[in-house]
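*Asks:* Each residue of the sequence shown is one higher than the one before, counting from 942 in this note's numbering. Sharing a structure, written as structure tokens. Questions coming.
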Amino acid sequence: MRQPKRPSDVAFRQDGRKRHLKDERVQAAPDMPRLPKEIIEHILLFLPARQCFRAAVSLRYIRCRDIALAHMPELTIDSVSRKGQADLLRWCFATGPKMGLAMEHSEDAINFAGSPEVLDFWIAKGYEEHLDADAAFDHASTAPDGGGVPVLEWLKRRGVVRTAPTAMFDRVRKLEVLRWWEQNRGEGYEYSYTVKGMNGATSVPVLDWYKSQGPKYTKSAMRNAEDPAILDWWLRSGLKLKWPRNMLDGTRPAHAPGSCAARWWKENAALVVEKTELAEADEAYERNSDM
């Protein structure tokens, strides 16, 4: 009689609410071909530079990685510095010239550094005199690829203090950066903001932060929101809002037909009428939106 197959590859053991997975090593088939490293490198070099680079990094093929890097046009000293890639930046200076990599960079490379390690690199290179505290604070706080809190902490450790201009603080979109400024207030790191900060928020946690601070906003704050999650937040925030009637009845749609925001308005029109004030016309809306 034929014996049933046993689940030998993976064995499960129930232990209370936890399930443990016993992993058994699987040996490679003896007839599986193994290519010499030189052949694999030759194949990789036929790939586009970006794909070759990724594969070479995964396989730890240093020669292929270096060749691919030198043929990536987007690879510049400034871009590497912005991305906070200290190891790659060191490679650029050590190996880049021999590989034909363009070594030109702006004086702002240190101010737009994306990590403390990159800042340390530039300081060690003697670029401290090019460090502009205002530019560094601005980029770390507001840029999507900015170094955020780690860079702000690096600047603080060096004794750099700054009052954030209102125009800069209104552009902060990361909750952890807002909290950093809040936690360090009174230690030389002051800030203020206008309605533009909350009106332009692109995430619910940032909106929650502004609301907790004593919200500054205009009643028209929902007008430019594109994300349904942001629209939902405003509608359920309990804050006073205003919306023109002709944008709710479809005669003057606020968003492109078929967009996520347009569908949201269509689906939530009744709730908007219930929870917001209605201006009779767009002109009245514009005139009273900040009231």
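Just so it is clear, CB atoms sit at the ideal spot from N, CA and C, and this is done for glycine as well. Quick caveat: nothing in here was measured; it's all calculated off a predicted structure.
Going by alpha carbons, who is nearest to S1153 out of L1180, A1170 and E1167?
*Replies:* L1180
*Asks:* Can you list, in chain order, the residues of its chain with a C-beta nearer than 7 Å to that of N1140? Leave out the 5 residues immediately preceding and following it.
*Replies:* Y1158, T1159 and A1162
*Asks:* Do you know how far the Cα of S1056 is from the Cα of E988?
*Replies:* According to the sequence as given, residue 988 is Leu; it is not Glu. Going by the C-alpha atoms only, they are around 31 Å apart.
*Asks:* List the whole-angstrom C-beta distance separating A1074 from V1101, where the pair is believed to meet the contact cut-off of C-beta under 8 Å.
*Replies:* 5 Å
*Asks:* In this structure, what does DSSP give as the bridge partners for S1218?
*Replies:* Looking at the sequence provided, one finds Glu at residue 1218 rather than Ser. Partner(s): K1183.
*Asks:* Report yes if the C-beta of W1206 is less than 8 Å from at least one heavy atom of the ligand HEM; otherwise report no.
*Replies:* Absence of the ligand HEM is noted for the structure shown, with no ligands found whatsoever.
*Asks:* For S1144, tell me which candidate among E1069, R1112 and R1023 has the shortest Cα-Cα distance.
*Replies:* R1112
*Asks:* So which of W1095, E1094 and A1142 has the shortest CA-CA distance to I1171?
*Replies:* A1142
*Asks:* Which class does M1139 belong to by DSSP, given the choice of helix, strand or coil?
*Replies:* helix
*Asks:* Here's a check: name, in chain order, each residue in its chain whose Cβ is nearer than 7 Å to the Cβ of L986, leaving out the five neighbours to either side.
*Replies:* C993, C1005 and I1008
*Asks:* In whole angstroms, what is the alpha-carbon distance linking P1198 and E1167?
*Replies:* 12 Å
*Asks:* Nearest-angstrom Cα distance between I980 and A997?
*Replies:* 13 Å
*Asks:* Let me check understanding here. Comparing Cα to Cα, which of E1131, A1210, V1059 and E1069 lies closest to A1027?
*Replies:* V1059
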